[in-house]
Amino acid sequence: MEAGCEETPYAMGWRDKISKEFLNEVRALSEIRHRNIVKLYGFCAHKRHSFLVYEYLERGSLATMLSKNEEAKELGWSKRVNIVKGLAHALSYMHHDCLPPIVHRDISSKNILLDSEYEACVSDFGTAKFLNPDSTNWTALQARMATWHQELAYTMEVNENCDVYSFGVVTLEIIMGKHPGDLFSSFYQSLHPPPPHPHHHLH
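Each number in the numbering used here comes from the position in the sequence shown (counting from 1) with 31 added on.
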């Protein structure tokens with residue numbers, strides 16, 4: 032153990048077994064380094080129980096903070112803008128500076144952790160996809176309709192647009208203080224109004 036490590040706080044993520052998601056997260060976090068992406072300090076892979084050792088981020092997830100009125104009051108506009116910027120920097124790094132590029136595929140407020148200074152860090156790379164620039168990337172993963180890009184829903188093609196769409200959803204959530212699901216539902220209904228009642232055509 033390096034000097035000073037015993038004083039460093041850690042967070043541990045437990046897994047019941049060595050799953051594809053576990054190996055995916057180890058690979059992703061072992062290859063990338065960015066101030067707005069959670070740091071992986073180590074891991075233990077065992078057929079019965081496995082765990083990951085992460086950087087500890089004091090304020091927990093953005094979703095939890097937004098859901099608690101007292102904690103949400105601490106998020107002034109400057110802090111909220113800084114969180115959006117941090118997420119944008121992380122996605123730009125994954126999409127443009129990593130070889131091969133990485134698509135997170137599960138960007139949400141639950142997977143954005145905040146440190147003591149409200150600096151955002153992207154976490155949970157279990158469903159991340161390493162893009163092969165020489166071929167089309169496909170997935171059968173069932174997406175959550177409120178947070179995944181319509182292009183993925185229709186074509187099942189995985190590309191950076193999936194994360195960009197989710198980034199927009201999270202940005203709206205940060206501005207509104209809650210998930211914009213109701214807003215999406217209203218917008219969808221305005222584009223696809225229900226058919227008129229049969230009685231309206233009777234004379």
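Beta carbons: idealized from backbone N, C-alpha and C, even for Gly.
Any idea if D128 is buried or exposed, counting beta-carbon neighbours within 10 angstroms, 16 or more meaning buried? D128 should be labelled exposed.
When you compare only the Cα positions, how much space is there between I143 and H80? If I take the Cα positions, the gap works out to 25 Å.
At which residues does the beta strand (DSSP E) containing Y85 begin and terminate? S81 to E86
Which partner residues does L71 have in the DSSP bridge list? Y85
So, helix, strand or coil for D151, using DSSP? What sits at residue 151 in the sequence shown is Ala, not Asp. Correct three-state label for A151: strand.
Quick check: what's the CA-CA separation for E102 versus R90? 9 Å
With distances taken between CB atoms, is the gap from A159 to H120 smaller than 7 Å? No, they are not a contact pair.
When the Cα atoms are used, what is the spatial distance from S197 to S139? 7 Å
Can you tell me whether S154 is buried or exposed, with buried defined as 16 or more other CB within 10 angstroms of its CB? Buried, since its Cβ has 16 or more Cβ neighbours within 10 Å.
Just the Cα atoms here: how many angstroms apart are L130 and E52? Rounded to the nearest angstrom, the two C-alpha atoms are 20 Å apart.
Between which two residues does the alpha helix (DSSP H) harbouring L251 extend? Residue 251 falls outside the range modelled here, since the chain spans only 32 to 234, and no answer is possible.
Tell me where the alpha helix (DSSP H) around I143 begins and ends. Boundaries around I143 are those of the beta strand (DSSP E), I143 to L145, since no alpha helix (DSSP H) includes it.
Coarse secondary structure for G91, derived from DSSP in three states: strand
Provide the residue span of the alpha helix (DSSP H) that contains I114, from first to last. W108 to S123
Alpha carbons only, please: which of R66, E62 and N67 is nearest the one belonging to G73? Ranking the options by Cα distance to G73, first place goes to E62.
Could you please give me the residues that DSSP links to I133 through a beta bridge? DSSP output for I133 lists F161 as bridge partner(s).
DSSP on A76, reduced to helix/strand/coil? coil
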